[in-house]
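Written out below as structure tokens is the structure these notes cover.
Take a look at the structure:
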């Protein structure tokens, strides 16, 4: 994996960009930014501090704010996926700047939205637990018998 990581580095241009990021924190989104030359360890540590979670407990994905809302997040769990995200950010920012040059202002501000994939599991588990509870109705008959 290290060799694949080193091979991808040469495809990333030398110009560094600032990447605006939205990070989930207690049900809200918090802003931060990173440089495109940030290492995986540095990036992972910054996210863990912002989310107040140990790095070992992070299960992350990412989406762009300009993407459709229903598009599922991309996984972000290793250095290779970070490099893929940075390359996708470069391409997205290039598209935004081309649109601005043509006079077409984008409808949304471009940011990378970090998604806590475990938060979705917790919500789904809570929903499933809520749906499994059924109301039991009992009938009381004249003969004083209760049927459930």
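Numbering (my numbering), first residue to last: 67 to 214.
Even glycine gets a Cβ: it sits at the ideal position worked out from N, Cα and C.
Could you tell me the distance, in whole angstroms, from the CA atom of residue i to the CA atom of residue j?
{"i": "residue 130", "j": "residue 118", "result": "22 Å"}
{"i": "residue 148", "j": "residue 175", "result": "21 Å"}
{"i": "residue 128", "j": "residue 159", "result": "16 Å"}
{"i": "residue 30", "j": "residue 171", "result": "Examination of residue 30 is not possible in this model, given that the chain is present from 67 through 214 alone."}
{"i": "residue 161", "j": "residue 132", "result": "11 Å"}
{"i": "residue 112", "j": "residue 104", "result": "10 Å"}
{"i": "residue 173", "j": "residue 87", "result": "18 Å"}
{"i": "residue 150", "j": "residue 164", "result": "21 Å"}
{"i": "residue 169", "j": "residue 155", "result": "21 Å"}
{"i": "residue 167", "j": "residue 94", "result": "33 Å"}
Identify which residue in the options has its Cα closest to the Cα of residue i.
{"i": "residue 106", "options": "159, 152, 168, 169", "result": "152"}
{"i": "residue 140", "options": "179, 100, 96, 84", "result": "179"}
{"i": "residue 108", "options": "144, 138, 164, 169", "result": "144"}
{"i": "residue 177", "options": "157, 81, 167", "result": "157"}
Within a Cβ cutoff of 7 Å, which residues of the same chain sit near residue i, ignoring the five residues on either side of it in sequence?
{"i": "residue 116", "result": "89, 91, 96, 98"}
{"i": "residue 136", "result": "none"}
{"i": "residue 14", "result": "The question about residue 14 has no answer here: the residues shown for the chain are numbered 67 through 214."}
{"i": "residue 142", "result": "126, 127, 128, 148, 151"}
Please work out which residues of its chain come closer than 8 Å, Cβ to Cβ, to residue i, disregarding the five sequence neighbours upstream and downstream, and give them in chain order.
{"i": "residue 120", "result": "114"}
{"i": "residue 84", "result": "99, 100, 101, 102"}
{"i": "residue 110", "result": "121, 124"}
Of all Cβ atoms in chain B, is any one closer than 8 Å to the Cβ of residue i?
{"i": "residue 162", "result": "Considering every chain present, this structure includes no chain B. It has just one protein chain."}
Apart from the five residues on each side of it in sequence, which residues of its chain come closer than 6 Å, Cβ to Cβ, to residue i?
{"i": "residue 182", "result": "90"}
{"i": "residue 76", "result": "Confidence is the limiting factor: at residue 76 the pLDDT is only 49, short of 50, which leaves the residue's position unreliable, though a coordinate-based value still follows. If we look at residue 76 and ignore the five residues flanking it on each side, it has no Cβ neighbours."}
{"i": "residue 82", "result": "101, 102, 103"}
What ranges does the beta strand (DSSP E) occupy inside the segment 97-181, keeping only unbroken runs of at least 3 residues that lie completely in it? Counting only unbroken stretches of 3 or more residues, the beta strand (DSSP E) elements lying wholly within the segment 97-181 are 126-130, in sequence order.
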